[in-house]
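Novice: Have a look at the structure that comes next, please.
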Amino acid sequence: MKCFAVRAIFAVAVVLALAVPMAGARAQSGVPCDSFIRNPDGSWTATDNVPFPGSGRIINLRLGSVMKPGFFILGTDVAAELAAACASAPVQQPQAEIATLADDKGGIDMATLSCGQLLSVYQEDADFLLAWYSGWTSGMAKSRTLRLKAVKDATHNVIVYCKANLTRRVADAIEAQKPKP
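Laid out in structure tokens, this is it:
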């Protein structure tokens with residue numbers, strides 16, 4: 000009798016677990032479309048840490064990961080899966096030339112530049128602005144050494160932060176990347 004009661008409770012628990020809807024916008028395939036941004040080049044950027052349904056297993060994608068078409072992770076072309084499941088997702092398009100950020104005299108107030116403004120320009124212009132920030136920061140610290148990997152990683156991390164925080168200042172995004180003491 001005890002065995003029957005345990006099986007009945009287990010069966011009820013399974014039915015209830017299957018009846019609870021999953022959180023977040025997911026396509027029919029279980030792909031969490033709302034956790035990605037579609038980029039103009041056909042790649043996709045994760046806007047959060049995302050468990051992604053792969054070929055018979057879950058693939059854990061990290062915040063900021065960029066999935067390019069034709070690149071397989073554990074046997075899964077994540078970009079192709081996203082393109083198929085999230086076809087209605089809008090493409091993030093740069094809409095402005097860097098000059099649109101400048102004032103009448105051609106200057107850009109780097110202290111008030113927002114993440115949304117940074118992301119509104121072409122990638123090479125955003126990289127240029129972040130390289131300026133890196134040089135300015137190094138100058139303030141009286142550092143004459145360029146640590147290429149550190150600058151590239153910081154630039155990537157600032158872009159990822161900005162995608163999730165459009166109204167914050169770029170200076171805040173840079174500050175958020177500094178190691179905490």
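Counting along the sequence shown from 1, when you hit position 6 you're at 5 in numbering that gives the first Met the number 0, and nothing is skipped either side.
Even glycine gets a Cβ: it sits at the ideal position worked out from N, Cα and C.
(1) In the DSSP assignment, find the beta strand (DSSP E) that holds residue 127 and state where it starts and stops.
(2) With a CB to CB cut of under 8 Å and the five nearest residues on each side skipped, what residues in its chain are close to residue 176?
(3) By a C-beta neighbour count over all protein chains shown, 10 Å radius and 16 as the cutoff for buried, is residue 174 buried or exposed?
(4) With residue 112 and residue 125 assumed to form a contact (beta carbons below 8 Å), what rounded beta-carbon distance in angstroms separates them?
(5) Leaving out five residues on either side along the sequence, give the residues of the same chain with a beta carbon under 7 Å from the beta carbon of residue 101.
(6) Between residue 36 and residue 162, how many whole angstroms is the CB-CB distance? I'm expecting something under 8 Å.
(7) Quick check on residue 139: buried or exposed, where buried means 16 or more other Cβ atoms within 10 Å of its Cβ?
(8) Suppose you measure from the CA of residue 136 to the CA of residue 64; what does that come to, to the nearest Å?
(9) Nearest by alpha-carbon distance to residue 91: which of 129, 44, 62 and 178 is it?
(10) Under 8 Å by Cβ, that's how I've got residue 165 and residue 115 pegged, so tell me the actual separation to the nearest angstrom.
(11) Identify whether residue 170 lies in helix, strand or coil by the three-state DSSP scheme.
Specialist: Reading off the structure:
(1) Residue 127: not part of any beta strand (DSSP E); member of the alpha helix (DSSP H) spanning 122-139, first to last residue.
(2) Excluding residues within five positions, the ones whose Cβ falls inside 8 Å are 153, 156, 157 and 160.
(3) Taking all protein chains shown into account, residue 174 has fewer than 16 neighbouring C-beta atoms within 10 Å of its C-beta and is therefore exposed.
(4) Contact between residue 112 and residue 125 is ruled out by a C-beta separation of about 10 Å, above the 8 Å threshold.
(5) Excluding residues within five positions, the ones whose Cβ falls inside 7 Å are 107.
(6) So it is a contact: roughly 6 Å between Cβ atoms.
(7) Exposed.
(8) Linking residue 136 to residue 64 through their CA atoms gives a straight-line distance of about 26 Å.
(9) For residue 91, the nearest C-alpha among the options comes from 44.
(10) Sure, about 4 Å apart at Cβ, within 8 Å.
(11) Helix, per DSSP.
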